[in-house]
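If you read the protein sequences in the order shown, they are chains A and B.
For the first sequence, position 288 matches number 287 in numbering that gives the first Met the number 0, and the numbering has no gaps at all.
For the second sequence, position 397 matches number 396 in numbering that gives the first Met the number 0, and the numbering has no gaps at all.
Please read the structure below before turning to the comments.
Protein chains: 2
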Amino acid sequence: MPYADLSDTARRWATDPAIDLWVVVAPRVGDHASMIGVQLGSVRWNGMGVALLAGTTEAPSALLREQVDRVVPGPPPPSPRGIVEAAWAAGLDDLRRVGVIADARAGLDAGHRAGAGAIVGIAASSADRRALLPGQPDVIVAPDGLASAISQRWGPARAHRERILLNPGPTVASDRVHRAIAGPDLCHREPEYTTIAVRTRRLLLEVAEAPVGWEAVLLAGSGTSAMEAMVGGAARPGRRLLCVRNGTYGDRMATMADRAGIPHTDLPFGHTEPADAAAIAAALDADPTIDAVTIVQHETTTGLLNPIAAVAAETRARGVLLAVDAISAFGSELLPLREGGIDLVAGTSNKCLHGLPGCAFVLLSPAAIARVRSAQPRSIYLDLAGYLAAAERDSVPFTPSVPAVYGLLAALEELLDEGVEERRSAYRSRIDWLDGELARLGLEPAVAPEHRSASVRAVPLPPGVAYPELHDRLKAAGYVIYAGQGSGAADQFRACLLGTVTVDALRPFITELETILASVPA
Amino acid sequence: MPYADLSDTARRWATDPAIDLWVVVAPRVGDHASMIGVQLGSVRWNGMGVALLAGTTEAPSALLREQVDRVVPGPPPPSPRGIVEAAWAAGLDDLRRVGVIADARAGLDAGHRAGAGAIVGIAASSADRRALLPGQPDVIVAPDGLASAISQRWGPARAHRERILLNPGPTVASDRVHRAIAGPDLCHREPEYTTIAVRTRRLLLEVAEAPVGWEAVLLAGSGTSAMEAMVGGAARPGRRLLCVRNGTYGDRMATMADRAGIPHTDLPFGHTEPADAAAIAAALDADPTIDAVTIVQHETTTGLLNPIAAVAAETRARGVLLAVDAISAFGSELLPLREGGIDLVAGTSNKCLHGLPGCAFVLLSPAAIARVRSAQPRSIYLDLAGYLAAAERDSVPFTPSVPAVYGLLAALEELLDEGVEERRSAYRSRIDWLDGELARLGLEPAVAPEHRSASVRAVPLPPGVAYPELHDRLKAAGYVIYAGQGSGAADQFRACLLGTVTVDALRPFITELETILASVPA
């Protein structure tokens, strides 16, 4: 896919078909030539080209020939040359935008060898379908289902397609990451997996600028799985947690403590109000049974940053652990680990790291490693001590999400190619641009400027604009925004700048937003 | 990748480079031409071809020209035509086996457009590296790191590569599944995700032949996450579980109950001894506070099948729920849901369904749906009631593993193209063949024939053969076996037939095994 760096990326993603040219390689099509001809006509009405590979179809009927744009010569499949020649003849210069339609394995193989972006098998019976399986088509359809399958999966009006994602993750990730996740099938008990996992954990610590002695644990799951593992391991038996709450995710950690039966004291703040380090210090001083503090670095609820460094100074001074949900902050916000005071950090692959969902992680200081080993395990799957023990044996306790780990490793390498500071500063300048544009349109985010994150903005809905209408109009232009949450659930929307999206690719978003605002009756 | 259906698949996977031809598209190479020339020479020593795209390199040095097999004309990048012509000129008929080396975005783009299987960026400085990022190379290397990066990732001696996996999952999956997981980035709050999740859940129920009223829950995690969610929701507060234990996974469910604080009675059997339905009935009759039975359908520990239908008859007769770990059985063993008596089923994407790891699931009967809603939630992430409540709102509680769900859906469609009964019978006839070959070699699996599954065999190590040596020799031939577990940890190995591997592709495994056995001193 094109990188989301051009001003027309969103529009093209929202309107183009996924495939520009279908090449029919169908030696056995004879029986169904008329039906397939009709179906191909429908594909052409959808604005996609169709070519027929000559010599591969037994006596193509006149109807079939009539329904294709051209007949292209070429060696028989599985050679990919005829398919490639058809692309060149159609003036196409991207083989990923070629689709292949075939009714025998050789034709499907030719499609794979040509680097085709779509490979469709046609089969009229169960036995024919089974015979096509080794050709590994993306889908197998009956002759009379060809046009509708193509239209639904690859046509210009398909619903499921690339769009510029302005939700707080999953984000638009690069082809580098998408290609990586499709890597080789791998047994997680082999040393090759260990090598990959060790490197991934090391790069997570490197990106976090973690001091020596820290460890990283990978979990197969969403960020919430990492949060819950972290909360479950943060306090010794009989001790309490102090749960700082100023949004949905701070609340969630308190609920996790409830469900695990861990006693906790809550310290609530408003959803647009940063936590007060002095209040946290006072709460710690008031109750020496508090073993750890849970806090969210960046509340995705509103785009609010909590003052992690100031809070860490208080926990450091008191020898209390600080467990930080950095799920939507990791990679885009400075995490001051070197100064001490932070002990556990939960994160995920698919937000500011630009990996894909399926892999989460917890980073642990030496003190946290000792702590989780002394905590009462309340789960097997979410027991950090179990993951650490397995890692010491170069092993993993459960089957990891190997593809998501491939993706995370590629995303971390991409981040290091960019530079850790450069990533943070790119996020900051991109969101500064958005803030300027929102201000120009009279839209003021809910959080005060000095507490805003580098990625998420919760914005009051303009008077007269309902969220569903705003969402759907922006989506039609190629941008996916997100609903408000927490205290802003009813009257805010969120615009989140995560992933590989440039300011240029965002300009039409502002233009569309402006148009929508202008269309509201005064 | 080729489907694992040929007798030479394992050998080719174990010995071939991943890339046959590297095409250099490097307009700015001038400064580093000598160094790159030396590096390319090293690539050629590794048995891979190298071509230079003419007209794209400023005055290529004599050294550079000397180190390539040929210079190929072609239009300038980002046109992919020169790269494709280079492949044809080298006699290559698979564009996925072409790699591209480029030092500017246009060359990288050309590689993507040509369907190249590897895309390598060369950059001599941080600024150059950043400039290449939008070209989305698979890796960016310094000029003097080119040969080693290529050798380690794509060379014939690379460690991380396709092999025929005889471990009990992850399995060898089709390109159909691998292509699907690389699908579009998607926000899980959009209706497009709902459509995909609803269809995936429906197809899981279809494959299971579940009666009307059953529901399926998808989790981001390994099979263990689904097991633990199932165990946590199976009993009402104050009631007990009966945990049937005859292997590592039966034991694990008892440990899960321990950690969750759920009282349980255990019914142990030997690791090669199927559970006795009459003993289960007696245990239920002896204790009316037992609310549910946990059992493993197929103990991956040994390849042992438990008599699920007979056990279900007893739970059905007593109105007690039966929670089945079907993780390594789902798709390959008959699961008698229609007869009643089974209420919860845990499974995963990456075993006999041939998806990729990262997505697990629990199927629930109407009685189980009511039960998990009445259970005490001990977790947020593993709370089935939370997933069911979200599904009723067409939502999900946490970010799903979208790529793994794409993969699971493609795998389910592939399974339905094959046929549910046909899949089971293909597994059974493939393992029958293996049993015959093992018998011929004098290797008798630990489990009696009538209790053996359709996928896993735990086999006593032949006298004089240590597991590490057996593993490594078979791995060198392209096959990955698995260590023994449980009672067989010290003296068994496991050969597991899951995934898209045919008998033909397995014949060399037997030949190699035979050679190893013959080499043992009598």
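The beta carbon of each residue, even a glycine, is placed where N, CA and C say it ideally should be.
Using a cut-off of 9 Å between C-beta atoms, extract the partners of M523/A located in chain B. Here chain A has residues from 0 to 521 only, and residue 523/A is not among them.
Taking C-beta pairs closer than 8 Å, name the residues in chain A that R259/B reaches, listed in chain order. Stepping through the second sequence from its first residue, residue 259/B is reached at position 260. What sits at residue 259/B in the sequence shown is Ala, not Arg. Those within 8 Å of A259/B in chain A are R377 and S378.
Do the CB positions of R377/B and A234/A come within less than 8 Å of each other? What you label residue 377/B is simply residue 378 of the second sequence in a count that begins at 1. What you label residue 234/A is simply residue 235 of the first sequence in a count that begins at 1. Here R377/B is not near A234/A, since their CB atoms are 8 Å or more apart.
Complete runs of the alpha helix (DSSP H) confined to the region 35–76 of chain B [at least 4 residues]: Annotation note: the region 35–76 of chain B contains the following uninterrupted alpha helix (DSSP H) runs of length 4 or greater, listed N- to C-terminal: 61–65.
Top-ranked residue by Cα proximity to I294/A, from P74/A, S331/A and L343/A: Position 295 of the first sequence, counted from the first residue, corresponds to residue 294/A. Selected option, being the one with the closest Cα: L343/A.
Going by the CB atoms, is the gap between T170/B and H353/B shorter than 8 Å? The count along the second sequence starts at 1 and reaches residue 353/B at position 354. The count along the second sequence starts at 1 and reaches residue 170/B at position 171. Yes, Cβ-Cβ distance for H353/B and T170/B is below 8 Å.
Which residues bound the beta strand (DSSP E) around V361/A? Position 362 of the first sequence, counted from the start, is the residue given in the question as residue 361/A. Unbroken beta strand (DSSP E) run through V361/A: C358 to L363.
Just to confirm my understanding: we take N523/A, look at its own chain, exclude 5 residues before and 5 after, and list those with CB closer than 7 Å. What are they? Because chain A spans 0 through 521 in this model, residue 523/A falls outside it and cannot be assessed.
Taking 8 Å as the cut-off, decide whether the C-beta atoms of I121/A and P155/A are in contact. The residue labelled residue 121/A in the question sits at position 122 within the first sequence. The residue labelled residue 155/A in the question sits at position 156 within the first sequence. No; because the gap between Cβ atoms is not below 8 Å, this pair is not in contact.
I'd like the list of long-range same chain contacts for E436/B, defined as Cβ closer than 6 Å, with 5 residues on each side in sequence excluded. Here the question's residue 436/B lines up with position 437 in the second sequence. The residues are I509.
Among E65/B, A504/B and A316/B, which residue has its Cα nearest to the Cα of R429/B? The residue you call residue 429/B lines up with position 430 of the second sequence. Looking at the Cα atoms, A504/B is the closest of the given residues.
How many whole angstroms separate the CB atoms of W153/A and A25/A, which I take to be in contact at a CB cut-off of 8 Å? Indexing the first sequence from 1 puts residue 153/A at position 154. Indexing the first sequence from 1 puts residue 25/A at position 26. That belief does not hold up - the Cβ atoms of W153/A and A25/A are roughly 18 Å apart, past 8 Å.
In the DSSP assignment, find the alpha helix (DSSP H) that holds D324/B and state where it starts and stops. Indexing the second sequence from 1 puts residue 324/B at position 325. Note, D324/B: premise wrong, no alpha helix (DSSP H); beta strand (DSSP E) at L320 to D324.
For A374/A, count neighbouring C-beta atoms within 10 Å of its own C-beta (all shown protein chains included) and say buried if the count is 16 or more, exposed if not. Looking up residue 374/A in the first sequence gives position 375. Counting Cβ neighbours within 10 Å, A374/A comes out buried, since at least 16 surround it.
Using the C-alpha atoms, what's the distance from R178/B back to R129/A? The residue you call residue 129/A lines up with position 130 of the first sequence. The residue you call residue 178/B lines up with position 179 of the second sequence. Approximately 19 Å, taken between the alpha carbons.
In its own chain, which residues sit with a C-beta less than 7 Å from the C-beta of D4/A, not counting the 5 before and 5 after it? Sequence index remark: in the first sequence, residue 4/A carries index 5 (1-based). Taken in chain order, the residues that qualify are T501, D503 and A504.
So, at 8 Å on beta carbons, what are the nonlocal neighbours of V138/B in its own chain, with the 5 sequence-adjacent residues on each side left out? To locate residue 138/B, count along the second sequence from 1; it is residue 139. Non-local C-beta neighbours of V138/B in its own chain, meaning closer than 8 Å and more than five positions away in sequence, comprise V119, G120, A148 and R152, ordered along the chain.
Grab me the residues of D284/B's own chain with a C-beta within less than 8 Å of its C-beta, minus the 5 sequence neighbours each way, in chain order. Taking the first residue of the second sequence as 1, we reach residue 284/B at position 285. Excluding residues within five positions, the ones whose Cβ falls inside 8 Å are R317.
With a cut-off of 8 Å, do at least 3 Cβ pairs link the region 390–405 of chain B to the region 249–256 of chain B? no
Do three or more CB pairs link the region 394–406 of chain B to the region 356–366 of chain B at distances below 8 Å? yes
According to DSSP, H297/A sits in a beta bridge with which residue or residues? Taking the first sequence and counting its residues from 1, one reaches residue 297/A at position 298. DSSP output for H297/A lists L304/A as bridge partner(s).
Under 8 Å, do W21/A and G114/A count as touching if we go by C-beta distance? By 1-based counting over the first sequence, the position of residue 21/A is 22. By 1-based counting over the first sequence, the position of residue 114/A is 115. With contacts defined by Cβ atoms closer than 8 Å, W21/A and G114/A do not form a contacting pair.
Option in V319/A, E298/A, V458/A and S78/A with minimal Cα separation from G106/A: Counted from its first residue, the first sequence places residue 106/A at position 107. Taking only the C-alpha atoms, the option nearest G106/A is S78/A.
For G114/B, return the contacting residues in chain A, with the cut-off set at a CB-CB distance below 7 Å. Position 115 of the second sequence, counted from the first residue, corresponds to residue 114/B. Correct list: L94, R95, A113 and G114.
Can you check DSSP and say which residues form a bridge with V99/B? For this step, residue 99/B is matched to residue 100 along the second sequence. In the DSSP assignment, V99/B is bridged to V22/B and I118/B.
Kindly say whether V361/B, judged by its beta-carbon, lies nearer than 8 Å to any beta-carbon of chain A. As a first step, residue 361/B is located in the second sequence; it is residue number 362 there, counting from the start. For V361/B, the answer is no, since every Cβ of chain A falls outside 8 Å of its Cβ.
For the region 411–426 of chain B, which residues have a beta carbon sitting closer than 8 Å to at least one beta carbon of chain A? E412, E413, D416, E417, G418 and E421
Taking the CB atoms as reference points, tell me whether D19/A and G48/A lie closer together than 8 Å. Taking the first residue of the first sequence as position 1, residue 19/A is located at position 20. Taking the first residue of the first sequence as position 1, residue 48/A is located at position 49. Contact flag set, yes.
A221/B vs F268/A beta-carbon contact at 8 Å: Taking the first residue of the second sequence as position 1, residue 221/B is located at position 222. Taking the first residue of the first sequence as position 1, residue 268/A is located at position 269. Residue identity check: residue 221/B is Ser in the sequence provided, not Ala. Contact flag unset, no.
Where A13/B and L204/A are concerned, what is the direct C-alpha to C-alpha distance, given to the nearest angstrom? Here residue 13/B corresponds to residue number 14 of the second sequence, with the count starting at 1. Here residue 204/A corresponds to residue number 205 of the first sequence, with the count starting at 1. Going from the Cα of A13/B to the Cα of L204/A covers about 33 Å.
Taking T510/A as part of the alpha helix (DSSP H), name the residues at either end of that continuous run. Here the question's residue 510/A lines up with position 511 in the first sequence. Run containing T510/A: V502 to A517, per the alpha helix (DSSP H) assignment.
So, is P444/A buried or exposed, given that buried needs 16 or more other C-beta atoms within 10 angstroms? For the purposes of this step, residue 444/A is taken as residue 445 along the first sequence, with counting starting at 1. When all chains shown are included, P444/A counts as buried.
Test: Y481/A CB closer than 8 Å to a CB of chain B: In the first sequence, residue 481/A corresponds to position 482, counting from 1. So yes, Y481/A belongs to the interface.
Considering only DSSP beta bridges, list what T264/A is partnered with. Taking the first residue of the first sequence as position 1, residue 264/A is located at position 265. Paired residue(s): L241/A.
Spatial distance of G231/B from D102/B (CA atoms): Mapped onto the second sequence, residue 231/B falls at position 232. Mapped onto the second sequence, residue 102/B falls at position 103. Rounded to the nearest whole angstrom, the C-alpha separation of G231/B and D102/B is 54 Å.
At 7 Å on the CB atoms, spell out the chain B contacts of A158/A, in chain order. Sequence index remark: in the first sequence, residue 158/A carries index 159 (1-based). Within chain B, the residues near A158/A are E191.
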